[in-house]
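Numbering (UniProt numbering), first residue to last: 1 to 227. No residue lacks a Cβ here, since even glycine has one placed at the ideal position from N, Cα and C. Values in this document were obtained by computation on a predicted structure and should not be read as measured data. Structure first, then comments.
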Amino acid sequence: VEIDLFENNLVGQLPESLGELQYLQSLNLAFNKLTGEIPRSIIHLHRLKVLKLEMNRLVGELPGNLGEMESLVELSLFNNFLSGSIPESVGDLRNLEVLNLSSNRITGKIPRSIGNLIFLESLGLFQNDLEGNIPKDMGNLANLRELVMANNHLEGEIPEEFAQLANLEVLQIQNNNFRSLLNIERMDSGQFLVMDYDRPKEGNDFKNIEIQESRMVETEYDKTGGQ
């Protein structure tokens, strides 16, 4: 069972009765003008595999028990006004392949439980207010191909466990507060990395990084000619 109302100029709020559609497997309401919060009843959609609510005007926090939607394969909520933190229960979405929370107002730290999503191929956290260190547990995401965390307040070092991300092709981490990118040189499978060197921290080791010639690396340093 599928509902696809993509780009239909829909307005108003999502009803709590949405949670009564027990046999629904795909819900696409992206690119509309929906407002209000994501109804808490949505966690009762245990058969739902695809939930696409991106490009709306949704507010509020992610449901704390989001992990009860154990059938989810794709969760796309980018470009809304969602706030609060990423719930620890996200790690219970064991079938998830795509998680996109980019361009919201999400705060707090990336939960360690995200490392449980072993089938995850794409993770989008771009343009939020995330802080703290990247959890080492993300090194467990062996199927990850795209990791976008640019434009946050992340800090510390890139975990050495990232060397285990053998399928990673896209890594966007610019405009954060990382102290060191040294562990990126141990990653030998990526094809396109985007990094930002324009505001290095004191004592950093950025100048020692060597990226394999097979990669194309775009940096703010390159664009400005080192200015």
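Same chain, Cβ closer than 8 Å to residue i, five either side skipped, listed in chain order
i    : result
H46  : Q22, E68, M69, E70, S71
R94  : E70, N116, L117, I118, F119
L10  : L29, N32, K33, L34
S102 : F78, N79, G124, L125, F126, Q127, N128, V148
Distance, residue j Cα to residue i Cα
i    : j    : result
N175 : E131 : 12 Å
L5   : G139 : 36 Å
H44  : S180 : 43 Å
E61  : S85  : 7 Å
N8   : N32  : 6 Å
E169 : N104 : 24 Å
N125 : S83  : For clarity, residue 125 is Leu in the given sequence; the question names Asn instead. Those two C-alpha atoms are separated by around 13 Å.
N167 : E146 : 9 Å
E161 : N133 : 13 Å
L14  : N152 : 29 Å
I42  : L171 : 31 Å
G108 : L18  : 29 Å
K136 : P159 : 6 Å
V1   : V73  : 15 Å
P87  : L58  : 17 Å
Which listed residue (the options) has its alpha carbon closest to that of residue i
i    : options            : result
L29  : S41, L75, N65, S89 : L75
L48  : N167, L24, L66     : L24
A163 : E146, A142, R179   : A142
E157 : M138, N177, V148   : N177
G36  : F81, S103, L125    : F81
L165 : N151, H153, L123   : L123
6 Å CB neighbourhood of residue i in its chain, flanking five on each side removed
i    : result
L27  : I3, L51
L53  : L29, L77
R89  : Arg is not the amino acid found at residue 89; the sequence shown has Ser there. Only N65, L66, G67 meet the Cβ criterion.
E155 : N177
N56  : N32, L34, N80
Residues near residue i in its chain [Cβ-Cβ closer than 7 Å; skip 5 each side]
i    : result
L120 : L96, E97, L99, L141, N143, L144
Contact under 8 Å by Cβ, residue i with residue j
i           : j    : result
N128        : I114 : no
residue 237 : G91  : Past the edges of the chain, shown from 1 to 227, lies residue 237, and the structure says nothing about it.
E20         : P39  : no
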